[in-house]
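Visitor: Here the numbering used here is used: the first residue of the sequence shown is 837, the next is one more, and so on.
Glycine is no exception: its CB is placed at the ideal position from the N, C-alpha and C atoms.
In this text the structure is predicted, and so the values were computed from the model without any measurement.
Take a look at this one; I'll ask things after.
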Amino acid sequence: MEKDAQMPKAGRFGAFAYMNNPHVVSFGPYTFHRHQRLVSKVGLPVPLGGRALDILAVLLETPGQFVSKDTLIARVWPCSVVEENNLRVHIAALRRALDGARYLLNEPQRGYCFVAPLAAPTAMPRHNLAARLSPVIGRDALLGALARRLSGQTLMTLTGCAGVGKSSLALALAERVLPRYRDGVGWVDLATVEAPITMLRHVAQALHLEPCGNAAELCAQLAGRQLLLVLDGADLLLGACRHLLRTLREQAPQVTVLLSSREALQVPGEWVQRVPGLALPIPSAWAGVEPAMAYPAVQLFVARVRAGQQGFVLRPQDLAPLRDVCRRLDGIPLALELAAAQVDALGVRGLQAQLQGGLQVLTRGRRTAVERHRSLAAALDWTYERLSLPERWLFLQLALFKTAVTLPTLSPLVAGTELEHADLAYLLARLASLSLLEVEPGPGPLRYRLLNSARSHALAQLRDPAQVERLRRGYGHYLGAFSGRPFVLQLVEQAAYAG
């Protein structure tokens, strides 16, 4: 009773302010942004792991009241069995991040209580960011690193292969850093821009500026503004983006630009982050459901299956086919989402069987997405159509290899074809810069490998008579009459036997 008497009343914790805006809560010098999964201190992000943020979110639901350890564990680790030590570790991290223990009270028999008075939140900077429909899985560490990097960077580009989640990561990052930009965040989806000449109109609308005829007029309105401009899909308009960035640097140096693109802009001051696929379980983790569920690729797959199939439970007998599914899809979020949508009809083993024949099963995409995000085939088609003919031929040639290949290995294989006279080193570097090739680390010559999804797409092109005829005609037009037919036929014949 004595300790209860010393506890502050609920009113002292600003419960009314919290209930009015449960998504933004301030205490001391800190602000917790629930939607952005961010704690900021005087506008700057506080580095916190995902579990510590989850614990804080639960405690802030009932400030001034104790939450038992069992309840916290059940809320923060709903799909796992964890020891109480795990909770203690993350509580300790939370206390360190919040400058000590004064915000969190602990009693052995009652659990944990958030004891800091809450203040009414200040207004958030304006933005036009889309509402998030689902949580970002497996990106906490990367998001934290990018948020810290962006505090000292004025130009950042997120690159990666089709479907790897560049746009989703850019959105999550923009949400997380929103509080630090006095004049807000403007998002521009360049997929909706019909031509380079209209890009400035979209940027002006996103940033609430007056219409302008050129980049200099637009940037003059931004002089002195401190804001974040997000250009999503910059590879659609690389030249126009480069011109805009040069002008911004000269006239509006406080504007930070975040881009998502399948290739870097390659301009001075650009910091590039290649977005990887979601982590796949190590071989030993496939021994049981619980260790497999600790990995983001499996978490995303299961979460998306459950979204369309209530009551779905991953079973031990599903692990072997799911392992093959995840391997074939390289941990690419879009591919995993599209595959998960088929489980209701096919089951996990049926999905595996379908994927052994190619990516045709991954065609039922999200109707609300832009065209190139509706299916994995659409995303890959978009990139393939923009390759030069030599790049396209080399891309198809590489599909004949299941494993990584080096330049010395590749050179003899194109002897006698027109690619013999091409600059293979340059073409390989171009395909890598376009996020179609993975460059594997290791000693000796660089090793290049097509992702499994890209390889399946390339083989499908070579097994489609209409695509082969188109390729043959293009080859002949580019190099001279009839010169391309033997090389194209060679590719087609080899593709027929490629597994």
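I1033 to A929, Cα distance in whole Å?
Guide: Position 197 of the sequence shown holds residue 1033. Position 93 of the sequence shown holds residue 929. Within the model, the alpha-carbon separation for I1033 versus A929 is close to 50 Å.
Visitor: Bridge partners of K905, per DSSP?
Guide: Your numbering for residue 905 matches position 69 in the sequence shown. Paired residue(s): none; K905 is not in a bridge.
Visitor: Taking DSSP as the reference, what is the three-state secondary structure of R1078?
Guide: By one-based count along the sequence shown, residue 1078 stands at place 242. DSSP places R1078 in helix when its eight states are reduced to three.
Visitor: Could you give the distance in angstroms between the alpha-carbon of P971 and the alpha-carbon of L1058?
Guide: Taking the sequence shown and counting its residues from 1, one reaches residue 971 at position 135. Taking the sequence shown and counting its residues from 1, one reaches residue 1058 at position 222. Each residue's alpha carbon lies about 33 Å from the other.
Visitor: Here's the rule I'm using: 16 or more other beta-carbon atoms within 10 Å means buried, otherwise exposed. How should K810 be labelled?
Guide: Here the chain covers residues 837 to 1335 and nothing more, so residue 810 does not appear.
Visitor: For Y939, tell me which candidate among F863, A1008 and E919 has the shortest Cα-Cα distance.
Guide: Sequence index remark: in the sequence shown, residue 939 carries index 103 (1-based). That would be F863, whose Cα lies nearest to the Cα of Y939.
Visitor: Taking Q1190 as part of the alpha helix (DSSP H), name the residues at either end of that continuous run.
Guide: Locating residue 1190 in the sequence shown gives position 354, where the first residue counts as 1. Residues V1179 to L1191.
Visitor: In angstroms, rounded to a whole number, what distance separates the CA positions of I1168 and H1038?
Guide: Indexing the sequence shown from 1 puts residue 1168 at position 332. Indexing the sequence shown from 1 puts residue 1038 at position 202. One C-alpha to the other measures close to 30 Å.
Visitor: Using beta-carbon positions only, say whether T993 and A1100 come within less than 8 Å of one another.
Guide: Working through the sequence shown from its first residue, we reach residue 993 at position 157. Working through the sequence shown from its first residue, we reach residue 1100 at position 264. The answer is yes: Cβ separation under 8 Å.
Visitor: Might you give, ordered along the chain, the residues of its own chain that have their beta carbon closer than 7 Å to the beta carbon of Q923, omitting 5 neighbours on each side?
Guide: The residue labelled residue 923 in the question sits at position 87 within the sequence shown. The question names Gln, yet the displayed sequence has Leu at residue 923. Here the set comprises K905, L908 and I909.
Visitor: According to DSSP, T898 sits in a beta bridge with which residue or residues?
Guide: By 1-based counting over the sequence shown, the position of residue 898 is 62. Bridge partners of T898: none, in fact.
Visitor: Is it right to say M855 is buried, meaning 16 or more other beta carbons lie within 10 angstroms of its own, or is it exposed?
Guide: In the sequence shown, the residue the question calls residue 855 occupies position 19. Residue confidence is low: M855 scores 38 on pLDDT, short of 50, so the model does not pin down where it sits. Its coordinate-derived value is still stated next. So M855 counts as exposed.
Visitor: Let me check understanding here. Comparing Cα to Cα, which of G988, A966, T995 and N1050 lies closest to A1010?
Guide: Walking along the sequence shown from the start, residue 1010 turns up at place 174. Residue A966 is the option with its Cα nearest to A1010.
Visitor: If you drop the 5 nearest sequence neighbours on each side, which residues of the same chain put their C-beta closer than 7 Å to that of A1056?
Guide: Mapped onto the sequence shown, residue 1056 falls at position 220. The residues are Q1087.
Visitor: Decide if L1243 is buried, meaning its Cβ has at least 16 other Cβ atoms within 10 Å, or exposed.
Guide: Taking the sequence shown and counting its residues from 1, the one referred to as residue 1243 is at position 407. Under this definition L1243 is an exposed residue.
Visitor: Is C949 helix, strand or coil when you go by DSSP?
Guide: Residue numbering aside, residue 949 sits at position 113 when the sequence shown is read from its first letter. Reduced to three states, the DSSP call for C949 is strand.
Visitor: Identify whether L784 lies in helix, strand or coil by the three-state DSSP scheme.
Guide: As displayed, the chain neither begins before 837 nor continues past 1335, which places residue 784 out of reach and without an answer.
Visitor: Give the secondary structure of S1292 by DSSP, where H, G and I count as helix, E and B as strand, and everything else as coil.
Guide: By one-based count along the sequence shown, residue 1292 stands at place 456. Here S1292 sits in helix by DSSP.
Visitor: Which residue from Q1109, G1147, R1110 and D1160 puts its Cα closest to that of A1133?
Guide: In the sequence shown, the residue the question calls residue 1133 occupies position 297. Answer by Cα proximity: D1160.
Visitor: According to DSSP, is Y866 part of a helix, a strand, or is it coil?
Guide: Stepping through the sequence shown from its first residue, residue 866 is reached at position 30. Y866: strand per DSSP, three-state reduction.
Visitor: Specify, as a first and last residue, the run of the alpha helix (DSSP H) that D1019 falls within.
Guide: Counting from one through the sequence shown, the residue named residue 1019 turns up at place 183. Run containing D1019: none; DSSP gives neither H nor E here.
Visitor: Ends of the alpha helix (DSSP H) at V1161?
Guide: Locating residue 1161 in the sequence shown gives position 325, where the first residue counts as 1. For V1161, the enclosing alpha helix (DSSP H) begins and ends at L1155 to R1164.
Visitor: Do D1019 and L1063 have their C-beta atoms closer together than 8 Å?
Guide: Taking the first residue of the sequence shown as position 1, residue 1019 is located at position 183. Taking the first residue of the sequence shown as position 1, residue 1063 is located at position 227. Yes. Within cutoff.
Visitor: How do the region 1088-1098 and the region 1064-1074 stand: do at least 3 beta-carbon pairs fall below 8 Å, yes or no?
Guide: Yes, since at least three Cβ pairs between the region 1088-1098 and the region 1064-1074 fall closer than 8 Å, the two stretches touch.
Visitor: Using the Cβ count rule (16 or more neighbours within 10 Å means buried), how would you classify L1007?
Guide: On the sequence shown, position 171 is the one that residue 1007 refers to. It counts as buried.
Visitor: Following a CB-centred definition, is V894 positioned closer than 7 Å to any heavy atom of the ligand MN?
Guide: This structure simply doesn't include the ligand MN, nor any ligand for that matter.
Visitor: Just list the beta strand (DSSP E) runs in the region 1087-1145, keeping only unbroken ones of 3 residues or longer that don't cross its boundaries, in chain order.
Guide: 1091-1096 and 1107-1110
Visitor: Here's the rule I'm using: 16 or more other beta-carbon atoms within 10 Å means buried, otherwise exposed. How should S1289 be labelled?
Guide: Sequence index remark: in the sequence shown, residue 1289 carries index 453 (1-based). Its Cβ being crowded by 16 or more others within 10 Å, S1289 is buried.
Visitor: With C-beta atoms as the reference, is R1348 less than 8 Å away from Q1090?
Guide: Residue numbering for the chain in the displayed model covers 837 to 1335; residue 1348 lies beyond these limits and cannot be assessed.
Visitor: Would you mind working out which of P1112, N921 and E1126 sits nearest G999, comparing C-alpha positions?
Guide: Within the sequence shown, residue 999 is the residue found at index 163, counting from 1. The shortest C-alpha separation from G999 is found at P1112.
Visitor: Which value, in whole angstroms, describes the spacing of the CA atoms of T990 and V1093?
Guide: Along the sequence shown, one-based indexing puts residue 990 at 154. Along the sequence shown, one-based indexing puts residue 1093 at 257. Between T990 and V1093, the C-alpha separation is close to 6 Å.
Visitor: Between the Cα of S987 and the Cα atoms of C915, A1213 and R1012, which residue gives the shortest distance?
Guide: Taking the first residue of the sequence shown as position 1, residue 987 is located at position 151. Residue R1012 is the option with its Cα nearest to S987.
Visitor: Label C1077 either buried or exposed according to how many other C-beta atoms from any shown protein chain fall within 10 Å of its C-beta, with 16 as the threshold for buried.
Guide: Your numbering for residue 1077 matches position 241 in the sequence shown. Buried, by the Cβ-count rule.
Visitor: Go to N922, then tell me how far its alpha helix (DSSP H) extends in each direction, as first and last residue.
Guide: Residue mapping note: residue 922 aligns to position 86 of the sequence shown, counting from 1. Its alpha helix (DSSP H) spans residues E920 to A933.
Visitor: Just the Cα atoms here: how many angstroms apart are N1050 and T1028?
Guide: Along the sequence shown, read from residue 1 onward, the residue named residue 1050 stands at position 214. Along the sequence shown, read from residue 1 onward, the residue named residue 1028 stands at position 192. Using only the alpha carbons, I get a separation of about 19 Å.
Visitor: Rounding to the nearest angstrom, what Cα-Cα distance links L884 and R1228 in this structure?
Guide: As a position in the sequence shown, residue 884 is number 48, starting the count at 1. As a position in the sequence shown, residue 1228 is number 392, starting the count at 1. Going from the Cα of L884 to the Cα of R1228 covers about 44 Å.
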